[in-house]
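Participant: Quick one: the structure is below, questions incoming.
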Amino acid sequence: MSPLHFLLLGTLLFGIGLVGVIARRNLFVVYMSIELMLSAVNLLLATFSRIRGDEGGAVLSLLLIAVIAAEAAIFLAMIIALFRAKRSIDAHDFTQLSQEHNA
Amino acid sequence: MIYELFLILPMMLIVLGALMLMLLSHREAPLNRNMLSVLILALAFGLTLSRLGEAHSVFVFEAIFGRSFIVDSFSTLFDLMILGGAMLTLLINHDYFKSRHYFDGDFFALVLFAVFGMMALSHAHELISAFISLEIASLSIYALVGYNSDNPKSREAMMKYVVLGSLAGALFMLGLALIYGATGSTELGAIAAHIAAHPQDAHTMLIIGGFFVMVTLFFKIGAVPFHAWVVDVYHGAPLPVTMLMASTFKIALFAVILRIYLGDFAALGDFWSLPLQILCVLTLIGGSFLALSQSNIKRMLAGSSVVHAGYMLIALNAITLGNFNASESILFYLMSYFISSVGAFGILSFLAAHEHKQLTFEDFKGFGYSHPYLAAMMSIFMLSLAGFPSTIGFLGKFYIFTGAIEAGQIALAALGIFVAFVSIFYYFRLIATMYFYDTPKTEQHFGFDTTTVLILLMAILSIWGGIGTALLPYLPTPDALIELSRHAITSLD
């Protein structure tokens, strides 16, 4: 497989993730979609690094994995806090502020 | 080596202070953590202040970190603004912290981590370090927004901010990957060199990447089409966190936007100009609609903060058209917006601490009779936010609009002035509510404590910034602030 195939795969994964964030209401699925987008970007970085014959890109993707992990920690903590409060992780169950706007 | 350590000492102090506060967070010591964090911030502020005016531009620890962190006059000025902003935010909320039980040591540790992220953002000279600093600041602020997890509003605000913020972070990473693919580097200097070495039409991938990076930054400052979260998050977050997001975080974001626009993408200015103009128009008009429709003061200020971001985008657009003088007007506007909005939010926090109200327009009926001094100061802040002459907000808008007209953006400046007139409606609505209704309540005593003294200071600063040039000799004037900003901008070239 040529590196271009990987670029295509990365773009596809990013698109799937984006659709997931927009279309799904379950916060856990939203979280997984965002992770998918981030992993797609890492794949793109590694592929670019291969195409250019430069190790820098692969190192960048390693650095970014650390940042993604930090984001995952706060996202999961938030999901737990929300679940404890309402026994639900459906985004549509948390609409108090937006209703206030319409009232 | 030692000199470079000295240069980053303020940032190290903030991190060490945050770690120390974390260690102390569950100790039952009779300890005022708010004052402790203010002390740490003040130490860092003093150290940074001692370097103000020095002309230098050093890549910190170039042998280890490459050219990813820079210390120059630009970052020094932004550090001062961020540290001063955080310090005033913490001090002005003194009463509010005392009135709520949930502010423990972790809260102040998170505030300091967020301040560290913002400072690092103004030092970033590379997209990866910019992204990591942005995430340090954002992740701390996500946690701060949902800090009062017993309050359903706070939880909901955190949910909205985290989901949309992570999405924006993913777009930043995509942009970064595309820029890396196009240029082989993420260092701003190398990207600028790449742009200069290649013909204009060979930059498609770079421009798309840069576009994604910009989308993230504009999301964070709340420019319209990316503003869906602003009002809800500002409303749901605890008041001190709203202040931190509305003023200090915005300062840090404009630091990195200015660095990218003035340094790295300056050569691509022709391309940026059109999307920015569309964004300006949308932000000014959309933000006005947001602010007009609110009945809660906190939500109204949140909506108007979108409009204020729009004014600064006008100046940013003037920069992309080659009028680099406009960058000083952004700096001055950031300071003027900071002073007026922190003052206004400070009064809200004072009232929330003492009277436990929802703070709608209804609650302010007759405020001018029950709290005459606070009402007078609130009027000053509203006048300043609306850009009334003789306040600092007027000068800020004046510099922005002249910059836009110099760059040939007459229509955009006209729209800005029109939106400023519209903004008079929702700001003066509050003033009218305060004075045009009777109240059964008797006049409240105006007591001097940390919060009220700081609100008073902000009110004096708003007026002094507008007229005080010749009245107080030996004190720096708005012209000196502009001079300072100009000096800082020159260090970017």
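So the protein lines, in turn, are chains U and E.
Add 1008 to a position in the first sequence, counting from 1, and you land on the number used in this note's numbering.
Each step along the second sequence adds one to the number in this note's numbering, with nothing skipped, and position 454 is 443.
All C-beta atoms in this analysis are idealised placements derived from N, C-alpha and C, irrespective of residue type, glycine included.
Determine, using beta carbons only, whether Ile1042(U) comes closer than 8 Å to chain E.
Facilitator: yes
Participant: Check whether the Cβ atoms of Val1027(U) and Ala159(E) sit closer than 8 Å, and answer yes or no.
Facilitator: Not in contact: Val1027(U) and Ala159(E) (Cβ atoms no closer than 8 Å).
Participant: Can you name the residues of chain U whose CB is closer than 9 Å to the CB of Thr193(E)?
Facilitator: Correct list: empty, because the minimum Cβ distance to chain U is about 14 Å.
Participant: Using 8 Å for Cβ pairs, my map puts Met370(E) next to Ala421(E). What's the rounded Cβ distance?
Facilitator: It is Phe, not Met, that sits at residue 370(E) in the sequence shown. Not a contact, Cβ separation roughly 15 Å.
Participant: In whole angstroms, what is the alpha-carbon distance linking Arg89(E) and Val100(E)?
Facilitator: Rounded to the nearest whole angstrom, the CA to CA distance from Arg89(E) to Val100(E) is 17 Å.
Participant: Name, in chain order, the residues that DSSP records as bridge partners for Val47(E).
Facilitator: Looking at the DSSP assignment, Val47(E) forms a beta bridge with Val60(E).
Participant: Counting only Cβ-Cβ distances shorter than 7 Å, please list the residues of the stretch 1048 to 1070 of chain U near chain E, keeping chain order.
Facilitator: Flagged, chain order: Val1049, Leu1052, Leu1053, Phe1056, Arg1060, Asp1062, Gly1065, Leu1068.
Participant: Can you list the residues of chain E that Gln1107(U) reaches, using a CB-CB cut of under 7 Å?
Facilitator: Per Cβ cutoff of 7 Å: no residues; Gln1107(U) is ~10 Å from chain E at best.
Participant: Could you tell me which whole alpha helix (DSSP H) segments of length 4 or greater appear in the stretch 167 to 229 of chain E?
Facilitator: Counting whole runs of 4 or more residues, the stretch 167 to 229 of chain E contains the alpha helix (DSSP H) stretches 177 to 186, 193 to 210, 219 to 225.
Participant: What does the alpha-carbon distance come out to for the pair Phe410(E) and Ala171(E)?
Facilitator: 44 Å
Participant: Taking C-beta to C-beta, are Leu206(E) and Val245(E) nearer than 8 Å?
Facilitator: It is a contact, given that the beta carbons lie within the stated cut-off.
Participant: Comparing C-alpha positions only, which one of Asp1098(U), Met1040(U), Val1075(U) sits nearest to Ser129(E)?
Facilitator: Val1075(U)
Participant: Pull up the CB-CB distance for Ile381(E) and Ser316(E), whole angstroms please, since I reckon it's below 8 Å.
Facilitator: About 18 Å separates the two Cβ atoms, so there is no contact after all.
Participant: Can a CB atom of chain E be found closer than 8 Å to the CB of Leu1017(U)?
Facilitator: Leu1017(U) has a beta carbon lying at 8 Å or more from every beta carbon in chain E.
Participant: Under 7 Å, CB to CB, which of the residues in the stretch 195 to 214 of chain E have a partner in chain U?
Facilitator: Listed in sequence order: no entries.
Participant: Check whether the stretch 30 to 46 of chain E and the stretch 112 to 125 of chain E touch, using three or more Cβ-Cβ pairs below 8 Å as the test.
Facilitator: For the pair of segments examined, the stretch 30 to 46 of chain E was found not to touch the stretch 112 to 125 of chain E: the number of CB pairs separated by less than 8 Å stays below three.
Participant: Using 8 Å as the threshold, is the C-beta distance between Phe86(E) and Asn137(E) below it?
Facilitator: No, they are not a contact pair.
Participant: How many whole angstroms separate the CB atoms of Leu1012(U) and Ala166(E), which I take to be in contact at a CB cut-off of 8 Å?
Facilitator: In fact, because the Cβ distance is near 15 Å, the residues do not count as touching under 8 Å.
Participant: Is His1100(U) buried or exposed, if buried means 16 or more other CB atoms sit within 10 Å of its CB?
Facilitator: exposed
Participant: Sort out for me which residues DSSP pairs Asp1098(U) with in a bridge.
Facilitator: Looking at the DSSP output, Asp1098(U) bridges to Asn1034(U).
Participant: Please compile the residues from chain E whose C-beta is within a distance smaller than 9 Å of the C-beta of Leu1021(U).
Facilitator: Within 9 Å Cβ-Cβ: nothing; Leu1021(U) doesn't reach chain E, min ~11 Å.
Participant: If Phe321(E) and Tyr388(E) are in contact, beta carbons under 8 Å, what's the gap, nearest whole angstrom?
Facilitator: 6 Å
Participant: Check whether the Cβ of Val47(E) lies closer than 7 Å to any heavy atom of the ligand PLP, and answer yes or no.
Facilitator: Within the structure as shown, the ligand PLP is missing, as the structure has no ligands at all.
Participant: Please tell me whether Met1086(U) has its Cβ less than 8 Å away from any Cβ of chain E.
Facilitator: yes
Participant: At the level of alpha carbons, what is the spacing between Leu(-2)(E) and Leu133(E)?
Facilitator: Whole-angstrom Cα-Cα distance: 25 Å.
Participant: What residues from chain U crowd round Ile551(E), counting only those whose CB sits closer than 9 Å?
Facilitator: Within the shown structure, residues of chain E are numbered from -10 to 482, placing residue 551(E) beyond reach of any answer.
Participant: Mind checking who Thr349(E) pairs with in its DSSP beta bridge?
Facilitator: Asn285(E)
Participant: With a floor of 4 residues, list each alpha helix (DSSP H) that falls wholly inside the stretch 336 to 391 of chain E, ordered by position along the chain.
Facilitator: 356 to 359, 361 to 375
Participant: Look at Lys209(E) and Leu242(E) and say whether their C-beta atoms are less than 8 Å apart.
Facilitator: yes
Participant: Suppose you measure from the CA of Ser379(E) to the CA of Ala365(E); what does that come to, to the nearest Å?
Facilitator: 15 Å
Participant: Can you confirm whether Ile117(E), when its beta carbon is compared against all beta carbons of chain U, has any partner nearer than 8 Å?
Facilitator: yes
Participant: Sort out for me which residues DSSP pairs Glu115(E) with in a bridge.
Facilitator: Glu176(E)
Participant: Determine the closest residue to Gly385(E) out of Glu395(E), Phe96(E), Leu374(E), with distance taken between C-alpha atoms.
Facilitator: Leu374(E)
Participant: Kindly list, in the order they appear in chain U, the residues whose Cβ is closer than 9 Å to that of Tyr91(E).
Facilitator: The contacting residues do not exist; Tyr91(E) stays about 13 Å from chain U at best.
Participant: Whether or not the stretch 51 to 64 of chain E and the stretch 1085 to 1095 of chain U are in contact is what I'm after, with contact meaning three or more pairs of Cβ atoms, one per stretch, closer than 8 Å; do they touch?
Facilitator: no
Participant: Using 8 Å as the limit for Cβ to Cβ distance, is Met1009(U) near chain E?
Facilitator: no
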